[in-house]
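**Q** In numbering that gives the first Met the number 0, the protein residues as written are 0 to 461.
The structure's right below; bear with me while I get my questions together.
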Amino acid sequence: MNHRSIITFYLTALAIPLATGCKKFVDPGPPPTQLVSQTVYDNEATAAAAVNGIYSKMMESPGFANWHITLYAGLSADEYINYAPTAEQVQLYTNSLNAQNTNVYTFWSEAYNYIYMTNAVLEGLGRSTGVSTPVKTRLGAEAKFIRAFCYFYLVNFYGPVPLALSTDYQTNNRLARSPADSVYAQITADLESSATELPTTYDPYGGSRARATSWAAYALLARVYLYTGKWQAAEAAASRLLEGNSLFRLEDDLSLVFTPSSQEAIWQLAAVSPYTPTYDGYFNILTTAPSSQALRPALLDSFEAADLRKQNWISSYQDGTGTYYFPFKYKVQTITAGTAYPEQTTVLRLGELYLIRAEARLQQSDLAGSVFDINAIRNRAGLSPFSSDDPAATRNQLLRQRQLELFCEWGHRWLDLKRLSLTASVLTATKGKPWSPGADLYPIPRKEITNNSHLSQNDGYQ
Numbered sequence: 000m001n002h003r004s005i006i007t008f009y010l011t012a013l014a015i016p017l018a019t020g021c022k023k024f025v026d027p028g029p030p031p032t033q034l035v036s037q038t039v040y041d042n043e044a045t046a047a048a049a050v051n052g053i054y055s056k057m058m059e060s061p062g063f064a065n066w067h068i069t070l071y072a073g074l075s076a077d078e079y080i081n082y083a084p085t086a087e088q089v090q091l092y093t094n095s096l097n098a099q100n101t102n103v104y105t106f107w108s109e110a111y112n113y114i115y116m117t118n119a120v121l122e123g124l125g126r127s128t129g130v131s132t133p134v135k136t137r138l139g140a141e142a143k144f145i146r147a148f149c150y151f152y153l154v155n156f157y158g159p160v161p162l163a164l165s166t167d168y169q170t171n172n173r174l175a176r177s178p179a180d181s182v183y184a185q186i187t188a189d190l191e192s193s194a195t196e197l198p199t200t201y202d203p204y205g206g207s208r209a210r211a212t213s214w215a216a217y218a219l220l221a222r223v224y225l226y227t228g229k230w231q232a233a234e235a236a237a238s239r240l241l242e243g244n245s246l247f248r249l250e251d252d253l254s255l256v257f258t259p260s261s262q263e264a265i266w267q268l269a270a271v272s273p274y275t276p277t278y279d280g281y282f283n284i285l286t287t288a289p290s291s292q293a294l295r296p297a298l299l300d301s302f303e304a305a306d307l308r309k310q311n312w313i314s315s316y317q318d319g320t321g322t323y324y325f326p327f328k329y330k331v332q333t334i335t336a337g338t339a340y341p342e343q344t345t346v347l348r349l350g351e352l353y354l355i356r357a358e359a360r361l362q363q364s365d366l367a368g369s370v371f372d373i374n375a376i377r378n379r380a381g382l383s384p385f386s387s388d389d390p391a392a393t394r395n396q397l398l399r400q401r402q403l404e405l406f407c408e409w410g411h412r413w414l415d416l417k418r419l420s421l422t423a424s425v426l427t428a429t430k431g432k433p434w435s436p437g438a439d440l441y442p443i444p445r446k447e448i449t450n451n452s453h454l455s456q457n458d459g460y461q
């Protein structure tokens, strides 16, 4: 990572809320006309603007923090068919990446830019004498939550990665890759801390779900516990949101799941430019033959005939060249000037929490509890209850519901195939070629290895 470019990136991001008046997050009142890095944390308004800047940068353009996780993982797995001729996207689709792939490099570097920004916030708050303790605690917890989010995807896409926890570029430029267990330990520590320090309501954000809360931290923690085999902890974290919590419920109407008013939403990301649709809606919806990607038709065959998700979350475009299917969870591709945002990028939602708890319960031999949670998802989809006293059949049903409920959302399918050791069996048949074990991970970008001799490459890449 280039220190100068990252500093510029960070200060530019800090200026975004001041330049655009991003009141979706917080309204700190009249901002100063100039934001200088040394004085950012002299008062609460500019400190809040620093955190706002991270959220804003995450949604400024399609990239790591929004569309690209879904696109790249969907191409790498069995969700999308590729129609783009570019070598970078073809490599993603054929699971034949090389370390010079610019998509792989940009994905990596954007994640570390966000991590740098969160580290800068934490260091600035640590030195600050002008920010009250409650505000300092909340803003720091938001930074730790975002850092954990970034590291979660880095460790799952690349495996062991450098664990940068400061803004000291001389140290960061010499970091070796930390073992995945160490990265997960840091993710867990950040989330456990932020879960106790973040607000337990959306009131501080004017009701908007586009900022991190304690519930977002517990939701991501539940996923992390699941991925690391801590079944009891995963169940407990998920249950915090699923039981006795009036803030959340599954939306009966599937068309409301991804809206700003969704009670299923736990954490969303808000657009920062006027009349900008979600990137999922903009890039997924087809009005012509696809030039980038379309939904793999085989996914449609996985749905039961009466499944409301197939009816509501998948659509198609047809012309003389054929019929092309696309995810239709986000239904707006353009927004008319003067209208409200009809949808909001939804990162964490309650549907996933039911499936996390179902898997955690199954791993603890609580078959009835697992079936109960699976049926919460099936019921909302308009399906008859699932019933079985066979753990293997229940596991298969659970994996099927994860595939159908979470398709084309935040890489869930790709990460599931990898963590459950299913890439070879599923993708060999889908992609029509023998699976290379090294393809489970993306390569460490060649530029990073060139700039840091302490970095090693993943197996199977040069």
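The beta carbon of each residue, even a glycine, is placed where N, CA and C say it ideally should be.
Let me know the beta strand (DSSP E) ranges lying completely inside the region 295 to 340, each 3 residues or longer, listed in chain order.
**A** 313 to 318, 321 to 326
**Q** Measure the beta-carbon distance from E263 to R248 and round it to whole angstroms, keeping in mind my assumption that it falls under 8 Å.
**A** Correct: roughly 7 Å between the Cβ atoms.
**Q** Out of T132, H67, I284, V39, point me to the one whose CA is closest to H411's CA.
**A** H67
**Q** Would you kindly work out how many angstroms separate the C-alpha atoms of L440 and R418, rounded to a whole number?
**A** 11 Å
**Q** Should the region 109 to 121 be called in touch with the region 454 to 461, which here means at least 3 C-beta pairs below 8 Å?
**A** Taking one beta carbon from each stretch, the region 109 to 121 and the region 454 to 461 have fewer than 3 pairs nearer than 8 Å; the two do not touch.
**Q** Within the same chain, show all residues whose beta-carbon is closer than 6 Å to that of R445, passing over the 5 residues directly before and after it, in chain order.
**A** Excluding sequence neighbours, R445 sits near A98, Q99.
**Q** For the region 131 to 203, which segments carrying the alpha helix (DSSP H) assignment without a break, of at least 4 residues, lie completely within its bounds, in sequence order?
**A** 132 to 157, 168 to 171, 179 to 196
**Q** What does the alpha-carbon distance come out to for the pair E196 and A288?
**A** 48 Å
**Q** Could you name the residues of the same chain whose beta carbon sits closer than 6 Å to that of Y71, not counting the 5 residues immediately before and after it, in chain order?
**A** L91
**Q** Could you check what DSSP says for V39 in three-state terms: helix, strand or coil?
**A** helix
**Q** Once the 5 residues before and after R379 are set aside, which same chain residues still bring their CB inside 6 Å of it?
**A** L249
**Q** Determine the contact status of D180 and K143, defining contact as a CB-CB distance below 8 Å.
**A** no
**Q** Tell me whether Q396 sits in a helix, a strand or coil according to DSSP, three-state version.
**A** For Q396, the three-state secondary structure derived from DSSP is helix.
**Q** Relative to the C-alpha of S165, which candidate in N118, R356, N451, V223 has its C-alpha closest?
**A** N118
**Q** Using the C-alpha atoms, what's the distance from F148 back to W230?
**A** 20 Å
**Q** From what residue to what residue does the alpha helix (DSSP H) around L268 run?
**A** Looking at the DSSP string, L268 is not in any alpha helix (DSSP H); the run it does join, the beta strand (DSSP E), is 264 to 268.
**Q** Taking just the CA atoms, how far does V130 sit from Y316?
**A** 53 Å
**Q** Within 10 Å of its beta-carbon, does T200 have 16 or more other beta-carbons around it, so buried, or fewer, so exposed?
**A** exposed
**Q** When the Cα atoms are used, what is the spatial distance from P29 to A48?
**A** In this predicted model, P29 has a pLDDT of only 33, less than 50, meaning its place in the structure is not dependable; the value taken from the coordinates is given anyway. Looking at the two C-alpha atoms, the distance is approximately 11 Å.
**Q** Here's a check: name, in chain order, each residue in its chain whose Cβ is nearer than 7 Å to the Cβ of P433, leaving out the five neighbours to either side.
**A** T427
**Q** Could you check if P178 is buried or exposed, using at least 16 other CB atoms within 10 Å of its CB as the buried criterion?
**A** exposed
**Q** Where does the unbroken alpha helix (DSSP H) through R239 begin, and where does it stop?
**A** Segment 230 to 241, the alpha helix (DSSP H) holding R239.
**Q** Can you tell me the Cα-Cα spacing of G350 and E404, whole angstroms?
**A** 7 Å
**Q** What are the boundary residues of the beta strand (DSSP E) that Y79 is part of?
**A** 79 to 81
**Q** Please list the terminal residues of the continuous beta strand (DSSP E) segment that includes T93.
**A** Here T93 belongs to no beta strand (DSSP E); instead the alpha helix (DSSP H) covers 86 to 93.
**Q** Of the choices S364, S387, W107, whose alpha-carbon is the least far from that of N374?
**A** S387
**Q** What is the DSSP secondary structure of V346, counted as helix, strand or coil?
**A** strand
**Q** Just confirm the distance between the C-beta atoms of A269 and Y79, as a whole number of angstroms; I'd bet it's less than 8 Å.
**A** Incorrect: roughly 26 Å between the Cβ atoms, too far for contact.
**Q** Identify whether A293 lies in helix, strand or coil by the three-state DSSP scheme.
**A** strand
**Q** Output the distance between the C-alpha atoms of L241 and A304, rounded to the nearest integer angstrom.
**A** When the Cα atoms are used, L241 and A304 turn out to be separated by approximately 28 Å.
**Q** CB-CB under 7 Å to L96, same chain, minus the five flanking residues each way: which ones, in chain order?
**A** So the list reads Q90, V103, Y441, P442, once near-sequence residues are dropped.
**Q** Report buried or exposed for R401, applying the criterion of at least 16 other Cβ atoms within 10 angstroms of its Cβ.
**A** Counting the other Cβ atoms within 10 Å of the Cβ of R401 gives 16 or more, which makes it buried.
**Q** Might you give, ordered along the chain, the residues of its own chain that have their beta carbon closer than 6 Å to the beta carbon of G62, omitting 5 neighbours on each side?
**A** E109
**Q** From the DSSP output, in three-state form, read off D251 for me.
**A** coil
**Q** What does the alpha-carbon distance come out to for the pair H453 and G123?
**A** C-alpha separation (whole angstroms): 28 Å.
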